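Following: one structure in structure tokens, then a few remarks.
Set out below in structure tokens:
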């Protein structure tokens, strides 16, 4: 062990191995997506007895689009990916877990370059066509040569049907793998869209320690793909929060191999092309599902919480109010205690700094109106609302009464287990 | 019990009655300040068996200055005080604990008006010269007639030497009363400055559930006093955070009776008058002491943490970075676990959105340099720094390497006890 840990993965994947109560009952069986192959390895970067290295080999002609953290102290792999997203050509993806290669100085950048070079040689592409992502400890120097020698074997043995293994290899504090699938009619053909992600703590707008990799055989020009991913991330991964903390490593990448064109799917070069609509909708649905898995695996959670804000000055204001509610420690602990403490919702609305009309403010917990017109609702029954709070999934809806702005964000409660995972790790 | 509670005062003042390990060993003996008298009562507003009502009677000619929360959903008493601060004449102060009279609609405003009227009659001033503050449950209708009938007796029996009782009557989740004193040379005379405050949770910039009342016999014109209080609150109460949450009720009021002029102290009408300097310095020192007491009583704390940021673009940027560090749940839990997890400091710097040069960033935990020039410091010894983390008072210093901006803020760790106080209240 030793070193400075960002993730107490031992807690959640080790001896106790508790799985989030919100984990899906089963993982989807994802079919082959032409042009995408995966291989994983136990490189021992930090973890023992589990996979921690993923290589995806992508067919020539694949394009990549993506978004990365807005952190001002982002990791070396994030800086690398941003540069490659400017051209968007892709031949391979390398992901390691156990070390984030963040705040590792020039040596960290060298580790990325070494990785890209080794992967390029193995996958038969140029280093600039290799995307790299790392997750795990911040500040620990990463020795890429501990795993670069494995890449040629991985490229040789990569298979198109090992999605679940790929999703597992990128986990850190995650208690379950996060994998989702959509089949999308496009023109007279059909394309497949699938992906996986990881993330459980340090989750906040602008994505926090969240890696998400999406793959499709659709034939979509890179600039169109980039617009789609940016807009969709804004409504999905940028609308979830666990603890309001933002990681140095967030990365969402979508790779499109274009191979569905061989089977009659259209080639899309214009963002306004109506043939794109079902794909855009499926992408939103898929990213929404994956983003919610991140919240549903929030460190130590016991409740999954949806926060809906309406009546704000505009959508941006609504989102700020929603995040003020979703990130309030004092409200999140009340939810953990199954306490319908709507006074703390009022507090969080006021704290956001956005316009709200105190005398028109209304608050619902699930179907129950608890406050309206600036005071407690006349029909409010505390036993009834306290009963509602015993549910695993809670919705808090607030009408701030000044305009038509709306937003929905997703979060979880703040529990003893969150403190244990993040504090008691060494004891 | 029943009702919606913002404060689980029963936890901290009731059966367990644990006192913060950072409580001062003793309370100061505050002498009479000419023109100020106090009386307290057990009004049973919410609490039983303790005082929950404070009346301060102020001599004619007293002026008031103050600052209030920036919450957009502030309480009825805050709205009232803001209006009276426009003229700044003062004759009485009424404070109740147990009910914040916040989010209580028109009836809440009526409760303030009834209180001011009763206090004015009792103290012999006009209702507009009465300042009102309430702290406790949000959203619970407050029936002021439960205590207004007590005010005339309180005014008749008010005494100048009951400071400690006054400080106790305004407590909610506080585990110790917060009282401080300064004697200040002014011109050829001497003035006294004393005050008390309350606050333990929902503490963040713009003051959160924090009430602070300061009294002096100095003779200072209201506009001068107002400038002093605003500037000093910005460097003291606006630089502390417990949980990043902002209350609806924050109020800092400074009352100056002017009676020291009878004993030769100067009358100050100009903010640039050099005779004011020692008073300004004492006010800063007093408010600093009281603000730190709030953090040192932070709900469930086990560590008192000072966050110093230097090298930022400007002071405003430094403050934003410092608060990003001070409010990070994942860092605060690491501190509770005595883990020198400086990777989370890097994360918090990046999250702030302010300029920072990753390759010039340096971090100290106490005297120990843990990172510099964008990576772990060569001499870093984890056992040594882990040993430092066992201290009760921790200092985190960060040089972000881009400019000359500086800020210092104060916070505490995030512990199991915080979750218990705010979540397990009903169980």
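Residue numbers (the numbering used here), protein chains in the order written: chain Z, 602 to 1028; chain F, 602 to 1028. Ideal placement from N, C-alpha and C gives every residue a C-beta, glycine not left out. Computed from a predicted structure; not experimentally measured.
Check	Outcome
On a Cα-Cα basis, can you pick out the residue from F:821, F:840 and F:689 that is closest to residue 919 of chain F?	F:840
For residue 1017 of chain Z, would you say it is in contact with chain F, using Cβ-to-Cβ distances shorter than 9 Å as the test?	yes
For residue 807 of chain F, which residues from the same chain have a beta carbon less than 7 Å from its beta carbon, with the 5 sequence-adjacent residues on both sides left out?	Note that residue 807 of chain F has pLDDT 33, beneath the 50 cutoff, so the model's placement of it is unreliable and the number below is only indicative. The answer, listed in chain order, is 670, 671, 839, 847 and 851.
Can you have a look at residue 650 of chain F and say buried or exposed, based on whether 16 or more other CB atoms are within 10 angstroms of its CB?	exposed
Please report how far the alpha carbon of residue 818 of chain Z lies from the alpha carbon of residue 773 of chain Z, in whole angstroms.	28 Å
Take the Cβ of residue 644 of chain F as the centre, count every other Cβ of all protein chains shown within 10 Å, and call the residue buried at 16 or more, exposed below.	buried
Can you tell me which of the three DSSP states residue 773 of chain F falls into?	coil
Find out if the Cβ-Cβ distance for the pair residue 906 of chain F, residue 1000 of chain F is shorter than 9 Å.	no
Can you tell which of F:790, F:744, F:815 and F:630 has its C-alpha closest to the C-alpha of residue 693 of chain F?	F:815
Quick check: is the beta carbon of residue 675 of chain F nearer than 9 Å to any beta carbon in chain Z?	yes
Using 9 Å as the limit for Cβ to Cβ distance, is residue 1000 of chain F near chain Z?	no
Spatial neighbours of residue 828 of chain Z within its chain, please: C-beta separation below 6 Å, excluding the five flanking residues on both sides.	872
Can you look up residue 1023 of chain F in the DSSP assignment and give me helix, strand or coil?	helix
Can you tell which of F:921, F:971 and F:960 has its C-alpha closest to the C-alpha of residue 1008 of chain F?	F:921
Going by CA-CA distance only, name the one from F:785, F:903 and F:961 that's closest to residue 885 of chain F.	F:785
Could you run through the segment 955-977 of chain F and flag, in chain order, every residue whose CB is less than 8 Å away from some CB of chain Z?	955, 956, 957, 959, 960, 962, 972, 974, 975, 976 and 977
Would you grab the beta carbon distance between residue 659 of chain F and residue 691 of chain F for me? Rounded to a whole angstrom, and I think it's under 8 Å.	5 Å
Considering only the beta carbon of each residue, do residue 947 of chain F and residue 972 of chain F sit closer than 9 Å?	yes
Out of curiosity, what's the CA-to-CA distance linking residue 975 of chain F and residue 722 of chain Z?	30 Å
Return the residues of the segment 939-956 of chain F that lie within a Cβ-Cβ distance of less than 8 Å from chain Z, sorted by chain order.	939, 940, 941, 942, 943, 944, 945, 947, 948, 949, 950, 951, 952, 953, 954, 955 and 956
Taking the Cβ atom as the reference point for each residue, do residue 858 of chain F and residue 667 of chain F lie within a distance shorter than 9 Å?	no
Identify whether residue 907 of chain F lies in helix, strand or coil by the three-state DSSP scheme.	strand
Under a three-way DSSP split, which group does residue 673 of chain Z fall into?	coil
Indicate the three-state DSSP secondary structure (helix, strand or coil) for residue 655 of chain Z in the structure shown.	strand
With 9 Å as the threshold, decide whether the Cβ of residue 1021 of chain F is near any Cβ in chain Z.	yes
Just list the beta strand (DSSP E) runs in the segment 903-979 of chain F, keeping only unbroken ones of 3 residues or longer that don't cross its boundaries, in chain order.	905-913, 963-966 and 969-973
Please check if any C-beta of chain F sits within less than 9 Å of the C-beta of residue 622 of chain Z.	no
For the alpha helix (DSSP H) holding residue 896 of chain Z, just list the boundary residues, first then last.	878-897
What does residue 706 of chain F reach in chain Z if we use C-beta pairs closer than 7 Å?	960, 974, 975 and 976
If we call anything under 9 Å between Cβ atoms a contact, is residue 771 of chain Z one with residue 797 of chain Z?	yes
With a 10 Å radius around its C-beta and 16 neighbouring C-beta atoms as the bar for buried, classify residue 1005 of chain F as buried or exposed.	exposed
Answer yes if the segment 733-743 of chain F comes into contact with the segment 776-790 of chain F, meaning at least three C-beta pairs across the two stretches below 8 Å, and no otherwise.	no
Can you give me the C-alpha to C-alpha distance between residue 701 of chain Z and residue 675 of chain Z, rounded to a whole angstrom?	10 Å
Among the candidates F:713, F:745 and F:731, whose CA atom is the shortest distance from the CA of residue 756 of chain F?	F:731
Could you run through the segment 705-727 of chain Z and flag, in chain order, every residue whose CB is less than 9 Å away from some CB of chain F?	705, 706, 707, 708 and 709
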